[in-house]
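Taking this note's numbering, the leading residue of the sequence shown gets 342, the next gets one more, and so forth.
We put the CB at the ideal spot given by N, CA and C, even for glycine.
Notes to accompany the following structure.
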Amino acid sequence: MQATVGDHVHMYSRSVGMTDRKGEIVEVRGTDGSPPYLVRFEDGHQGLVYPGPDCLVEHRPGEEQR
């Protein structure tokens, strides 16, 4: 998985009744767009994310996919 600053992360809920989390990547700490990513979530909190199988990186419109 690769991403750039400004891409969005969608973390799908793994449990019934829990909500999905969405946020914007504000820093890429891995090499060549690799994880971990510092993400600012919709509620204003920031966290370090290592995307798993329940996570999708949504690239910015017009950005060339790697």
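Determine whether the beta carbon atoms of residue 364 and residue 382 lie at a separation below 8 Å. yes
Where residue 390 falls, given that 16 or more other Cβ within 10 Å makes a residue buried: buried
Taking the beta strand (DSSP E) that residue 387 falls in, what are its first and last residues? 387 to 390
Whole angstroms are fine: how far does the CA of residue 392 sit from the CA of residue 354? 13 Å
Going along the chain, which unbroken runs of the beta strand (DSSP E) with 3 or more residues stay wholly within the region 355 to 396? 362 to 369, 378 to 382 and 387 to 390
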